[in-house]
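Numbering (the numbering used here), first residue to last: 1 to 172.
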């Protein structure tokens, strides 16, 4: 299935989950949200369990803090994404939920690429002593990723630089 190419910020976001462990083997999950056009990692929510209402709460936090909402969100068919809470949130805001075909991670390449970097550069590089420790280290990585990590797909700019230039030039 061919998806439309994003040509501006907030046209399409992608969401997915990444699993990892604390030092003692306790499982943690991270919900990642990325803007497909700018590659900006808008949020990473870390917890032991994440349900549909947590997804909605995080989307609300992004909206409240940054005044941003996407036109479309690409997701897989996980239970958190097919929840009544997320469906209602999307309906009320006229956001299209674009579901990947089952077993086809290539339907959502931007989040898969971002999550690969997240795993390689953060999760595989740290021992997390607690959920709070994981949140702190992961948020520091997210901030560094957005502010300092150049992306070849963005003309070797960081996501923050790319968004700033995009808004300055009026390419909306």
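Virtual Cβ for every residue (Gly too), placed ideally from N, Cα, C.
CB of residue 46 within 9 Å of CB of residue 15, strictly | no
Go ahead and pull the three-state DSSP assignment for residue 81.
-> coil
How long is the line joining the alpha carbons of residue 101 and residue 52, rounded to whole angstroms?
-> 20 Å
Once you ignore the five residues that flank residue 63 on each side, which residues in its own chain have a CB closer than 6 Å to its CB?
-> 69
Exposed or buried, which one is residue 154 when buried takes at least 16 other CB atoms within 10 Å?
-> buried
Which value, in whole angstroms, describes the spacing of the CA atoms of residue 97 and residue 36?
-> 14 Å
Alpha-carbon to alpha-carbon, residue 126 and residue 120 | 10 Å
Where residue 75 and residue 107 are concerned, what is the direct C-alpha to C-alpha distance, given to the nearest angstrom?
-> 9 Å
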